[in-house]
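**Q** Protein sequence lines correspond, in order, to chains U and V. When we follow my numbering, the leftmost residue of the first sequence carries the number 1, and every step to the right adds one. When we follow my numbering, the leftmost residue of the second sequence carries the number 251, and every step to the right adds one. All C-beta atoms, glycine included, are put in the ideal place defined by N, C-alpha and C. Given the structure is predicted, the values throughout are model-derived calculations rather than measurements.
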Amino acid sequence: MTLSQTGVMARRNLLHVLSDPQQMIGMSVQPLMFLLLFVYVFGGAISGSTRQYLQFVLPGLIVQGIGFGTTQTALGLNADFQRGLIDRFRSLPMARSAVVAGRVTADIARTAWSSLIIVGAAAVLGFRFHGGLPGALGAAGLVLALGVAMCWVMAFLGVWLRSPESVQAAGFMVIMPLTFASSALVPAASMPGWLQAFVKVNPITIFADAMRGLMLGGPVAIPVLQAVAWIVGLSALFGALTVSWYRRRA
Amino acid sequence: MDRPAIRTEGLTKSFCAKRVLSGLDLEIAAGTIFGLLGPNGAGKTTVVRILATLVRPDSGRAYVLGRDVVSQPQRVREVIGLTGQYAAVDNQISARENLYMIGRLLGLRPRAARARSSQLLDAFGLADAAASKVKDYSGGMRRRLDLAASLVGEPGVLFLDEPTTGLDLASRNQLWDMIRDLAADGTAVLLTTQYLEEADRLAGQVMVIDHGVTVAQGSPAELKSLAGGQVLEVRPLRPGDLAAAASVLGKLAGTSRPIPEGGLLTVQVPDEAAVTAAARSLDSAGVPVSHLAVRLPSLDEAFLSITGHHADVCETGAPLEGSAR
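1) Given this structure, state the Cα-to-Cα distance separating U:Val232 from U:Ala149, to the nearest angstrom.
2) Start and end of the beta strand (DSSP E) containing U:Val220?
3) Classify V:Val456 as helix, strand or coil using the three-state DSSP reduction.
4) I need the straight-line Cα distance from U:Ser182 to U:Ser4, nearest angstrom please.
5) Considering only their Cβ atoms, is the gap separating U:Val199 from U:Ile46 smaller than 8 Å?
6) Less than 8 Å between the C-beta atoms of V:Val407 and V:Arg366, yes or no?
7) For V:Ile343, does the three-state DSSP call read helix, strand or coil?
8) V:Ala438 bridges to which residues according to DSSP?
9) Count the other CB atoms within 10 Å of the CB of V:Arg359; is the residue buried (16 or more) or exposed (fewer)?
10) Can you list, in chain order, the residues of the region 340-374 of chain V whose Cβ is nearer than 8 Å to any Cβ on chain U?
11) Work out the CA separation of U:Gln23 and U:Val17 for me, nearest whole Å.
12) V:Thr442 touches chain A at which residues, Cβ-Cβ below 8 Å?
13) Can the beta-carbon of U:Ser97 be found less than 8 Å from the beta-carbon of U:Gly65?
14) Beta-carbon within less than 6 Å of V:Lys263's beta-carbon, same chain only, minus the 5 sequence neighbours each way: which residues are those?
15) Give the residues of chain V in contact with U:Gln5, contact being defined as C-beta atoms less than 8 Å apart.
16) Any beta carbon from chain V within less than 8 Å of U:Leu252's own beta carbon?
17) Using three-state DSSP, classify V:Arg299 as helix, strand or coil.
18) Of all the CB atoms in chain V, is at least one closer than 8 Å to the CB of U:Asp87?
19) Run down chain U in chain order and give the residues with a C-beta less than 7 Å from the C-beta of V:Ile330.
20) Would you please verify whether the beta carbon of V:Gln324 is less than 8 Å from any beta carbon of chain U?
21) Checking 8 Å against the spacing of the C-beta atoms, do U:Gln168 and U:Leu225 come in under that value?
22) Counting C-beta neighbours from all protein chains within 10 Å, is the total for V:Ser534 16 or more, i.e. buried, or is it exposed?
23) Could you tell me whether the region 115-128 of chain U touches the region 52-65 of chain U, using the rule of 3 or more Cβ pairs below 8 Å?
24) Name the two residues that bound the continuous beta strand (DSSP E) containing V:Leu546.
25) Quick one: is V:Ala527 near chain U, going by C-beta distance under 8 Å?
26) Give, in chain order, every residue of the region 279-306 of chain V whose Cβ lies closer than 9 Å to some Cβ of chain U.
27) Provide the residue(s) that pair with U:Ala197 in DSSP beta bridges, ordered along the chain.
28) From the beta carbon of V:Gly221, is the nearest beta carbon of chain U less than 8 Å away?
29) Comparing the C-beta of U:Val100 with each C-beta of chain V, is any distance below 8 Å?
30) Cα separation between V:Ile256 and V:Met457?
See the structure below:
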């Protein structure tokens with residue numbers, strides 16, 4: 001029952017995306033834009049050649065894309081609260097978790113779509129995959145799992161903050177510094193020591209390293225285990241926070 | 251039917267140390283429209299939100315079709331429909347998708363949910379616009395869809411919290427007809443409103459609450475008679491005679507001060523005998539009249555004399571009781 005209600009809510013949220021050209025373009029073009037800008041603007045300066053930088057940055061850009069993409073989760077949930085719609089859902093004999101779970105399910109589909117676009121485009125630009133089939137499956141699995149974890153973080157922002165403007169600002173202020181002060185886009189070696197200390201513990205670094213391991217064939221076991229630990233921890237913490245805050249507020 | 255559709259006993263609720271309801275008792279029979287009236291902040295919306303399981307009462311009991319709103323909220327949700335002050339529909343999808351979604355959430359199979367959506371779209375005159383996104387709808391259409399959305403599950407009890415606020419007259423009349431039809435089909439309707447006329451036109455029973463307590467209850471006619479006496483209306487044939495007529499009427503026994511409005515004088519009188527007296531006095535004063543009638547006071551006038559203030563629409567900027575904002 002809860003599962004089918006989650007499906008109904010996910011369908012509703014996907015209908016929003018499919019019927020909104022702006023969102024469709026956003027989730028398709030934005031990852032491409034990031035890819036082209038980073039590779040051709042910074043590539044030569046950072047890695048000496050765009051081709052080398054493409055290899056380095058693609059796993060990081062996928063992680064960053066998931067971060068920016070899931071801010072839609074926060075905005076969407078927040079919008080549901082702004083309108084009287086949440087009262088309608090709450091007066092129906094449905095599971096309370098279905099509203100949030102349906103949103104997360106739909107947004108994971110969006111995340112998967114954006115990730116496919118950026119990987120496809122990178123392949124055309126000359127990205128070479130060295131991880132083999134297990135690496136590919138592992139990377140795909142990690143993208144989805146990371147999508148789930150980030151969705152829960154964002155879902156919490158969405159129900160915690162009142163106005164869509166503050167949700168937007170908070171999402172940006174969380175994702176922007178976390179992704180830039182990490183090894184996702186640039187190797188940490190040239191950063192000042194205090195920043196390197198932060199980069200080392202930043203979960204985005206861990207996610208990017210795990211993706212690199214899986215896609216480029218480097219060390220896998222430790223970063224992937226760390227990433228999974230972060231994903232489980234973030235999902236559990238923010239999942240619980242979201243649901244309890246949702247109950248309080250609704 | 252012996253079991254009331256809605257029953258509350260001693261309902262109390264406070265928000266932030268402010269008493270909103272102080273022991274409210276309510277009983278509503280199936281197939282009737284019950285009007286809950288009161289100024290802003292009187293506690294109307296809180297009553298609805300408690301009965302619709304959106305807010306828990308601090309104390310007291312409330313049953314909807316015999317189901318306890320506190321201990322069996324999911325079972326209450328199976329039998330209620332709620333139309334709040336803001337159209338609670340998804341603006342970004344079509345009317346058909348809205349109704350289908352609610353049908354599915356109520357546990358209907360896809361085919362049944364589709365059939366029910368089509369049926370409601372036809373009944374509410376939305377079939378032509380069924381595929382358009384709701385954000386392109388007019389206010390009246392959105393309210394109709396909102397009401398349709400409340401009816402997907404064929405609820406035995408329907409809550410309408412100021413359903414026609416902000417609607418034009420034509421849309422309001424249309425919605426009123428629909429609400430009457432629902433009650434005729436056996437649905438119990440709890441209607442809150444600031445429009446006294448709305449309660450007067452729709453409700454068989456009316457309760458006036460103020461500061462969370464009942465100040466009056468009865469049929470609209472009983473409530474009007476509670477306001478005391480009757481109202482005499484006089485329209486002088488010559489508009490210039492208004493002042494003269496007012497002074498004549500003011501001298502009649504037991505009358506209130508005449509109120510002129512657009513060439514018409516209204517004055518509260520104790521009973522029908524005043525009509526004859528008024529006619530005689532006006533005649534001997536040489537003031538011909540084109541209209542002379544006695545009627546019951548309007549609910550608005552009754553409301554004023556019961557609560558000591560007008561049904562207030564000036565404070566609509568005040569925060570909603572118990573809203574999530």
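**A** The relevant details are as follows:
1) Computed Cα separation, rounded: 7 Å.
2) Here U:Val220 belongs to no beta strand (DSSP E), and DSSP marks it neither H nor E.
3) In this structure, V:Val456 counts as strand in the three-state DSSP scheme.
4) Cα to Cα, the separation comes out at about 39 Å.
5) Result no, Cβ atoms of U:Ile46 and U:Val199 do not sit closer than 8 Å.
6) Not closer than 8 Å, so no.
7) The three-state reading of DSSP puts V:Ile343 in coil, since its state is none of H, G, I, E or B.
8) According to DSSP, which records beta bridges pairwise, V:Ala438 is partnered with V:Val407.
9) V:Arg359 comes out exposed.
10) Listed by position, the residues of the region 340-374 of chain V near chain U (Cβ gap below 8 Å) are Asp340, Asn341, Gln342, Ile343, Glu347, Met351, Ile352, Arg354, Leu355, Leu356 and Gly357.
11) If you draw a straight line from the Cα of U:Val17 to the Cα of U:Gln23, it is about 6 Å long.
12) Protein chains in the displayed structure are U and V, and chain A is not among them.
13) Cβ atoms of U:Ser97 and U:Gly65: not closer than 8 Å.
14) Cβ within range, chain order: Val270, Leu271, Thr296, Pro307 and Asp308.
15) Those within 8 Å of U:Gln5 in chain V are Arg354 and Leu355.
16) Past the edges of chain U, shown from 1 to 250, lies residue 252 of chain U, and the structure says nothing about it.
17) DSSP, reduced to helix, strand and coil, places V:Arg299 within a helical segment of the structure shown.
18) Using a Cβ-Cβ cut-off of 8 Å, U:Asp87 counts as an interface residue toward chain V, since at least one Cβ of chain V sits closer than that to its own.
19) What V:Ile330 touches in chain U, judged by beta-carbon distance under 7 Å, is Ser91, going in chain order.
20) Taking 8 Å as the CB threshold, V:Gln324 lines the interface with chain U.
21) No, Cβ-Cβ distance for U:Gln168 and U:Leu225 is not below 8 Å.
22) That one is exposed.
23) Cβ pair count under 8 Å is three or more, so yes.
24) Neither: V:Leu546 is in no beta strand (DSSP E) and is coded neither H nor E.
25) The beta carbon of V:Ala527 does not come within 8 Å of any beta carbon belonging to chain U, so the residue lies off that interface.
26) When C-beta distances to chain U are compared with 9 Å, the residues of the region 279-306 of chain V below that value are Arg299, Ala302, Thr303 and Leu304, in chain order.
27) U:Ala197 is not bridged by DSSP to any residue.
28) Residue numbering for chain V in the displayed model covers 251 to 575; residue 221 of chain V lies beyond these limits and cannot be assessed.
29) Using a CB distance cut-off of 8 Å, U:Val100 does not count as an interface residue toward chain V.
30) Roughly 14 Å between the two C-alpha positions.
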